[in-house]
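Numbering-wise (UniProt numbering), the sequence shown opens with residue 1 and increments by one.
For glycine and all other residues, C-beta sits at the position ideal for the given N, C-alpha and C.
Written below as structure tokens is the structure these notes are about.
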Amino acid sequence: MVNLLNLTARGQKIGKGSEASLRLILTRDNLATQQLCVDCAHAILDAARCSIRINASEDIENGNLPSPITNSDDRPRNLYSGGEGDDGIAQGTTLTFAMMELCLCVMVRQMPQINSAQMKSKSLAPLHMRRFGRLPVESANLIRSGIQLLVNVPSLCSSNGRLIILPSILYLIIGFIRESARVDENSVVPDLPPGHLTTVATTALQALRNLASTPPTDATLSSWVTMMQSALYSILLLCDGEYRKDECVLMLSCVVLASVAPRQVVLGHRESFHRLVRLIRGQLNSEHPQPVFPEFSLVSLLTQSLCRLLCATTADEWRLLSQPARRVHEFAMQRLNAVAPAWPAEFKQVLASHPTLKKRLENALLFQSSRQVQAQQVAKAKAVAETKTVHLSQQPTIKLTMDFNAFGKAAS
1 MVNLLNLTAR GQKIGKGSEA SLRLILTRDN LATQQLCVDC AHAILDAARC SIRINASEDI
61 ENGNLPSPIT NSDDRPRNLY SGGEGDDGIA QGTTLTFAMM ELCLCVMVRQ MPQINSAQMK
121 SKSLAPLHMR RFGRLPVESA NLIRSGIQLL VNVPSLCSSN GRLIILPSIL YLIIGFIRES
181 ARVDENSVVP DLPPGHLTTV ATTALQALRN LASTPPTDAT LSSWVTMMQS ALYSILLLCD
241 GEYRKDECVL MLSCVVLASV APRQVVLGHR ESFHRLVRLI RGQLNSEHPQ PVFPEFSLVS
301 LLTQSLCRLL CATTADEWRL LSQPARRVHE FAMQRLNAVA PAWPAEFKQV LASHPTLKKR
361 LENALLFQSS RQVQAQQVAK AKAVAETKTV HLSQQPTIKL TMDFNAFGKA AS
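In structure tokens form, the structure reads like this:
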């Protein structure tokens, strides 16, 4: 089936209707069978996206020039056009629902605690707990494939459809981050160093980064930002859990999201911003040497996050900022000025690999220098004015035109 779907023409015929895709969803417990099912789903998704690209490149009904991808004579007249979700994600009739159902089925079978409904019962919850450290390699690879499939499902939807499925996708990804940060107290294997990332955790962070780095450009942006703010706040709340956890993994997840998401995702929610600052500060002051590496590879994400907090690079932008935004800007400049001399090599490497951030930081530094020069000039002018005022106040205000010294000598 995978080899069949790799052919463009066959993929278009499969993508012509979602019924054939729904039949590929299997419910076997065998890991190999589930992996084949996920591989087929990836092939179906690629075929669907190919059909969407062809539909977007030419108008079939008007008989425009054929696409270079395939011959128009061999192409079905009704290709899958995507854009699902304007009228909701219907069960049994949309490819999006089928993909989401498949991902949930695969993930819950490997990590049952991802399904909150199974964890509400105190008697059944212990039976459904499965530690990441005890997963076989096949299960970890299967979850990784499922996450990679899940994060690409929004490409099948319209802008409104993405907002419908985004909360579910974020919920599953945050669930894997939570379980990755959970420390297995009953494990016979020695504890891993703080900040250790499993295969599933790495894939979850990559998925979170992909979702946060692609904001919509239409009217759904405000709703999308609200969902991302909720995701960041949910990850930060995991630090308050009563179970034993690796806060370094949670910090890395928050920094990954904050470094690629629009600025208002972090600055738009004050409590999330303060929690994030406390979390980073606590990990930097940690007694463990692992979170604070000798090379400090976290400098990259930290620098990107701080550069995104720079709110003004010109005088016009500065005048439009509120007082809280100005304080955030000053905080980011102070931290960047502290990071640069502490890790100069890593700091230069980050700026070299991110020209946009480098340009923004340079403009912010030039603006800060001009502000400092202006402040010094104002202070100097003020000091000169105060000196003149003091000098004038010491001189007598009334001057006598006649000298009375001669009268004093005559009287004596």
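Distance CB(residue i)-CB(residue j) smaller than 8 Å
| i | j | result |
| --- | --- | --- |
| threonine 313 | alanine 364 | yes |
| proline 154 | arginine 144 | no |
| leucine 197 | valine 249 | yes |
| methionine 227 | alanine 212 | no |
| arginine 209 | valine 256 | yes |
| glutamine 264 | valine 328 | no |
Option nearest residue i by Cα separation, candidates the options
| i | options | result |
| --- | --- | --- |
| isoleucine 44 | Gln372, Leu149, Gln229, Arg326 | Leu149 |
| arginine 244 | Val183, Arg263, Ser213 | Val183 |
| leucine 361 | Leu310, Gln376, Val200, His196 | Leu310 |
| asparagine 160 | Gly82, Gln283, Asp39, Leu284 | Gly82 |
| cysteine 239 | Val225, Cys254, Thr226, Met228 | Cys254 |
| alanine 181 | Leu257, Leu236, Thr220 | Leu236 |
| serine 223 | Leu208, Val256, Phe273, Pro167 | Pro167 |
| isoleucine 147 | Ala231, Ser230, Ala41, Ala47 | Ala41 |
| isoleucine 52 | Thr202, Ala338, Val200, Ser158 | Ser158 |
| valine 151 | Thr96, Glu271, Thr356, Ala47 | Thr96 |
| histidine 274 | Asn30, Tyr233, Val137 | Tyr233 |
| residue 465 | Gly175, Asp86, Pro341 | Because residue 465 is not part of the residues shown, which for the chain are 1 to 412, the question remains open. |
| glutamine 34 | Gly282, Asp218, Leu221, Val108 | Val108 |
| aspartate 46 | Thr356, Ala315, Met99 | Met99 |
| alanine 315 | Gly282, Leu366, Pro355, Arg270 | Leu366 |
Rounded Cβ spacing between residue i and residue j (contact assumed at less than 8 Å)
| i | j | result |
| --- | --- | --- |
| valine 277 | valine 350 | No, valine 277 and valine 350 are not in contact; Cβ-Cβ is about 20 Å, not under 8 Å. |
| residue 414 | serine 139 | Residue 414 lies beyond the range of the chain shown here (1 to 412); nothing can be said about it. |
| isoleucine 177 | alanine 204 | 5 Å |
| leucine 142 | valine 106 | 6 Å |
| serine 353 | leucine 301 | Not really, about 12 Å apart at Cβ, beyond 8 Å. |
| alanine 261 | leucine 170 | The pair is not a contact, with the Cβ atoms about 12 Å apart (cut-off 8 Å). |
Nearest-angstrom Cα separation, counted from residue j out to residue i
| i | j | result |
| --- | --- | --- |
| leucine 102 | isoleucine 280 | 36 Å |
| glycine 268 | alanine 32 | 45 Å |
| methionine 333 | leucine 306 | 8 Å |
| asparagine 115 | leucine 135 | 17 Å |
| phenylalanine 347 | leucine 79 | 49 Å |
| glutamate 295 | alanine 207 | Its pLDDT being 46, under 50, glutamate 295 is placed unreliably in this model, and the coordinates cannot settle the point. |
| alanine 385 | alanine 375 | 15 Å |
| isoleucine 89 | valine 373 | 58 Å |
| proline 215 | arginine 308 | 15 Å |
| lysine 380 | glutamine 368 | 18 Å |
| threonine 202 | isoleucine 173 | 11 Å |
| leucine 252 | threonine 93 | 39 Å |
| valine 38 | asparagine 337 | 48 Å |
| leucine 320 | glutamate 330 | 15 Å |
| glutamate 317 | serine 370 | 14 Å |
| glycine 241 | valine 200 | 21 Å |
| glutamine 377 | alanine 383 | 10 Å |
| valine 339 | lysine 359 | 17 Å |
| proline 341 | aspartate 246 | 29 Å |
| alanine 345 | aspartate 218 | 40 Å |
| glutamine 343 | aspartate 87 | Note that residue 343 corresponds to tryptophan in the displayed sequence, not to glutamine. Near 52 Å, if we compare the C-alpha coordinates of aspartate 87 and tryptophan 343. |
| alanine 325 | leucine 357 | 19 Å |
| glutamate 271 | arginine 49 | 39 Å |
| asparagine 30 | arginine 335 | 51 Å |
| glutamate 84 | leucine 221 | 18 Å |
According to DSSP, residues forming a beta bridge with residue i
| i | result |
| --- | --- |
| glutamate 386 | Answer by DSSP bridge pairing: none, since glutamate 386 is not bridged. |
| cysteine 157 | Glu84 |
| arginine 182 | Lys245 |
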